[in-house]
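J.: Just add 1253 to the spot in the sequence shown (first one is 1) and you have the working numbering.
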Amino acid sequence: YQTMAGKFAVPALLFDPSAATQKKIAATFSHCDIEPTLLQYLGYNHSFPAFGVSALSDSVPHFAVQYENGLYQYISENMVMHFDGNKISAVYNMQTDSLLRNNLINQWQANEKLQAKQQLKAYIQNYYQRLNANTLLKK
């Protein structure tokens, strides 16, 4: 909890006393994923408005984006990426470097940097367009 990634870490627990087995889900999870996760957990099979995705789903990529002090932080699977709006300033492997001390940005290929930058910029643009149009929640 002493890093920028750890600062936003929130454990989540879903408990079903009738379940015969326990299951650990290591998917990246953010606050906007709570509603879709709970509705899937409860077996709700109808459409509903949400910006996030269910942490129980294996068919979608799981990631979280935070913004603090002029820096976007993108967390997915085992990677943490810092982006200032123009360039990627840091990339860390969460599995081998949980304290975010070994910046791997210089080990990334140019095409990897470009793809990651475009994906994050698309997410940010989508978020702000929907926020400005008051359509964050799909109807």
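Cβ atoms here follow ideal geometry from the backbone N, Cα and C, with glycine treated the same way.
(1) Run through DSSP, which three-state label would Glu1365 get?
(2) When you compare the CB positions of Thr1290 and Ile1328, do they come within less than 7 angstroms of one another, or not?
(3) Taking the straight line between their C-alpha atoms, what separation do you get for Gln1372 and Leu1295?
(4) Classify Gln1326 as helix, strand or coil using the three-state DSSP reduction.
(5) By the three-class DSSP mapping on this structure, what secondary structure does Asn1356 have?
(6) For the alpha helix (DSSP H) containing Ile1341, list its first residue and its last residue.
(7) Check Gln1319 in the structure and name its three-state DSSP category.
(8) Could you spell out the range, first to last residue, of the beta strand (DSSP E) harbouring His1335?
(9) Determine the closest residue to Glu1321 out of Lys1340, Pro1270, Phe1336, with distance taken between C-alpha atoms.
(10) So, for Ala1363: in the same chain, excluding its five sequence neighbours on each side, which residues have a beta-carbon less than 7 angstroms away from its beta-carbon?
T.: Walking through what the data contain:
(1) Translated into the one-based positions of the sequence shown, residue 1365 becomes position 112. Helix, per DSSP.
(2) Taking the first residue of the sequence shown as 1, we reach residue 1290 at position 37. Taking the first residue of the sequence shown as 1, we reach residue 1328 at position 75. No, the Cβ-Cβ distance between Thr1290 and Ile1328 is not below 7 angstroms.
(3) Reading the sequence shown from its first residue, position 119 is the one you call residue 1372. Reading the sequence shown from its first residue, position 42 is the one you call residue 1295. Between Gln1372 and Leu1295, the C-alpha separation is close to 31 angstroms.
(4) Taking the sequence shown and counting its residues from 1, the one referred to as residue 1326 is at position 73. Strand at Gln1326.
(5) Indexing the sequence shown from 1 puts residue 1356 at position 103. Here Asn1356 sits in coil by DSSP.
(6) Start at 1 with the first residue of the sequence shown, and residue 1341 comes out as number 88. Here Ile1341 belongs to no alpha helix (DSSP H); instead the beta strand (DSSP E) covers 1341-1346.
(7) The count along the sequence shown starts at 1 and reaches residue 1319 at position 66. Here Gln1319 sits in strand by DSSP.
(8) By 1-based counting over the sequence shown, the position of residue 1335 is 82. His1335 -> beta strand (DSSP E) spans 1332-1336.
(9) Residue 1321 sits at position 68 when you count from the first residue of the sequence shown. It is Phe1336.
(10) Taking the sequence shown and counting its residues from 1, one reaches residue 1363 at position 110. Same-chain partners within the cutoff: there are none.
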